[in-house]
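Please read the structure below before turning to the comments.
Residue numbers (my numbering), protein chains in the order written: chain A, 51 to 277; chain B, 795 to 1076.
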């Protein structure tokens, strides 16, 4: 079993991280478009999307039966399935893999839910280190406004309602996201995350992202798919 | 005060768990569930409330694991983590509440089987140990020890070879027998290592059901009475003998004739009947 560290596969792995409403998914979608346009073989993988555990996660969330430990482990199972069946083989095959959320999401959320910091890091030690991990830094109020304006309410676990922070979902969401933000900030030096100022105009953020991606792809010409 | 192997789960109060946590470990087909079926009524007759639990029985993940295994598409790390989810759910929703309520919890396998399976499938031992670090240390772990030669006839003449119990996922072979033997031998070696590390109380499971039950019952009675462990159950290998040598010894243990499960009491009764009838006809 390989442990977390630089991979030697021909593919490249770019991941985006940040609190809800930081704009990371928008940025990843734009990067995806650009990479495809440049002729690369690109594959996208999203957090919590493995068909294998979908029913289990759904059952747990619906019945609000998930505890911090089972919440953590079911997401780790989901991630492991995508890692073993998707991300790793694709990196070996030379693809560019884009992940919307990666292990850092688990590190932030699970620790806020009270799981042991070292335990979670070791749990995910089978993950490969991304070529670049973009962290979209945004003040809590800005992200909150984006989320709460855009939809009708937040879901139970999304708002961290299981932690009993507040009876009011919006207030709970604010406290929960604030704590997650703190965890992300601590991880920037720990995991060498590439920070993007998520208050800048979308285009400016994208220019910065593409610059970094381009530099990382310089040595990866053979990834290019023939037109 | 209960202990865990590493950091406990958030919100888990380790005090006030007055019940007893008793683990029955052993490989596939060794007779764990048969023994638990005998232990439970025996304990209940003494007025003890019993919860029995086993792998894959969690409300949350049991069904999901079953479905996933039917597909045979499970990655090794994924399978380990799915089992860990099932375990955590049962720990928090079954085992801990029962211990708080003063139950005797009999668990058919615990983290050790899950660790052995993962390690045999190439998982990093440190990684899997960390994953289960939140598990409660049991009051006792009884390991039903058997050699592969004694195990095979039991499996063949009861339920037959199973895909996963034969390790077909790691030793793909046309012959389930070869695969079973190879996989179970590896598993038993790993169990021996764990037996030493986690101080299992070893019971020779090559005997017939009743004899095994007598040993097990004596061990459980001792745990419930709070008496210290007897040297009889010690697993420490003789001085100068390595763990490998000790485990080899078990694997090479000559097959003892095993009486079929239900026949012993029945044949005793038949013998009695015969004797009585014999007298009557005289």
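C-beta: ideal position from N, C-alpha, C; glycine also.
Could you name the residues of chain B that residue i contacts, counting a contact when the two beta carbons are closer than 9 Å?
{"i": "residue 115 of chain A", "result": "853, 854, 883 and 887"}
{"i": "residue 147 of chain A", "result": "Those do not exist, as residue 147 of chain A stays about 16 Å from chain B at its closest Cβ, beyond 9 Å."}
{"i": "residue 84 of chain A", "result": "Here the premise fails: no neighbours, minimum Cβ distance about 31 Å."}
Find the residues of chain A that neighbour residue i, judging by a C-beta separation of less than 7 Å, and give them in chain order.
{"i": "residue 875 of chain B", "result": "123, 126, 127 and 130"}
{"i": "residue 775 of chain B", "result": "Residue 775 of chain B falls outside the range modelled here, since chain B spans only 795 to 1076, and no answer is possible."}
{"i": "residue 927 of chain B", "result": "169"}
{"i": "residue 858 of chain B", "result": "103, 105 and 106"}
Should residue i be flagged as near chain B, meaning a C-beta pair shorter than 8 Å?
{"i": "residue 76 of chain A", "result": "no"}
{"i": "residue 97 of chain A", "result": "no"}
{"i": "residue 175 of chain A", "result": "yes"}
{"i": "residue 233 of chain A", "result": "no"}
{"i": "residue 141 of chain A", "result": "no"}
{"i": "residue 105 of chain A", "result": "yes"}
{"i": "residue 102 of chain A", "result": "yes"}
{"i": "residue 63 of chain A", "result": "no"}
So is residue i in contact with chain A if we call contact Cβ pairs under 8 Å?
{"i": "residue 958 of chain B", "result": "no"}
{"i": "residue 997 of chain B", "result": "no"}
{"i": "residue 1041 of chain B", "result": "For residue 1041 of chain B, the predicted structure reports a pLDDT of 47, less than 50, and the residue's modelled location is therefore unreliable. A value from the coordinates is still provided. No, its Cβ sits nowhere closer than 8 Å to a Cβ of chain A."}
{"i": "residue 1052 of chain B", "result": "Only weak support is given to the placement of residue 1052 of chain B: the predicted model assigns it a pLDDT of 41, under 50, and the value that follows is read from those uncertain coordinates. Chain A contact via Cβ: absent."}
{"i": "residue 1097 of chain B", "result": "Since the displayed chain B opens at 795 and closes at 1076, residue 1097 of chain B lies outside it and no answer follows."}
{"i": "residue 1015 of chain B", "result": "no"}
{"i": "residue 879 of chain B", "result": "yes"}
{"i": "residue 941 of chain B", "result": "no"}
{"i": "residue 807 of chain B", "result": "no"}
{"i": "residue 862 of chain B", "result": "yes"}
{"i": "residue 798 of chain B", "result": "no"}
{"i": "residue 976 of chain B", "result": "no"}
{"i": "residue 987 of chain B", "result": "no"}
Bridge partners for residue i per DSSP, in chain order?
{"i": "residue 62 of chain A", "result": "A:146"}
{"i": "residue 979 of chain B", "result": "Bridge partners of residue 979 of chain B: none, in fact."}
{"i": "residue 939 of chain B", "result": "B:998"}
{"i": "residue 934 of chain B", "result": "B:816"}
{"i": "residue 186 of chain A", "result": "A:246"}
{"i": "residue 67 of chain A", "result": "A:185"}
{"i": "residue 846 of chain B", "result": "B:900"}
{"i": "residue 798 of chain B", "result": "B:930"}
I want to verify the contact list: residues of chain A whose CB lies under 8 Å from the CB of residue i, in sequence order.
{"i": "residue 871 of chain B", "result": "51, 130, 133, 134 and 176"}
What first and last residue would you give for the alpha helix (DSSP H) that runs through residue i?
{"i": "residue 902 of chain B", "result": "Premise fails: residue 902 of chain B lies in the beta strand (DSSP E), 898-902, not in any alpha helix (DSSP H)."}
{"i": "residue 925 of chain B", "result": "919-925"}
{"i": "residue 241 of chain A", "result": "219-241"}
{"i": "residue 895 of chain B", "result": "It is not in any alpha helix (DSSP H) - residue 895 of chain B carries neither H nor E in the DSSP assignment."}
{"i": "residue 265 of chain A", "result": "252-267"}
{"i": "residue 170 of chain A", "result": "167-173"}
{"i": "residue 878 of chain B", "result": "870-884"}
{"i": "residue 828 of chain B", "result": "826-839"}
{"i": "residue 806 of chain B", "result": "From DSSP, residue 806 of chain B is part of no alpha helix (DSSP H); its letter is neither H nor E."}
{"i": "residue 1005 of chain B", "result": "1003-1019"}
{"i": "residue 911 of chain B", "result": "905-914"}
{"i": "residue 958 of chain B", "result": "No alpha helix (DSSP H) holds residue 958 of chain B; DSSP gives it neither H nor E."}
{"i": "residue 965 of chain B", "result": "No alpha helix (DSSP H) holds residue 965 of chain B; DSSP gives it neither H nor E."}
{"i": "residue 864 of chain B", "result": "856-865"}
{"i": "residue 87 of chain A", "result": "74-87"}
Counting only Cβ pairs nearer than 8 Å, list the residues of chain B close to residue i.
{"i": "residue 260 of chain A", "result": "The premise fails here: residue 260 of chain A is roughly 33 Å from chain B at the closest Cβ pair, so nothing lies under 8 Å."}
{"i": "residue 110 of chain A", "result": "854"}
Under 9 Å Cβ-Cβ, which residues of chain A neighbour residue i?
{"i": "residue 804 of chain B", "result": "117, 118, 119, 163, 164, 165 and 166"}
Hey, quick one: how far does the beta strand (DSSP E) through residue i stretch, first residue to last?
{"i": "residue 95 of chain A", "result": "92-96"}
Residue i touches chain B at which residues, Cβ-Cβ below 7 Å?
{"i": "residue 172 of chain A", "result": "921 and 924"}
Give a single yes or no on whether residue i has its beta carbon closer than 7 Å to a heavy atom of the ligand SAM.
{"i": "residue 844 of chain B", "result": "Looking for the ligand SAM in the displayed structure turns up nothing, as the structure carries no ligands at all."}
In chain order, what are the residue ranges of uninterrupted alpha helix (DSSP H) at least 4 long that sit wholly in the region 104-157 of chain A? 104-112, 118-132 and 138-142
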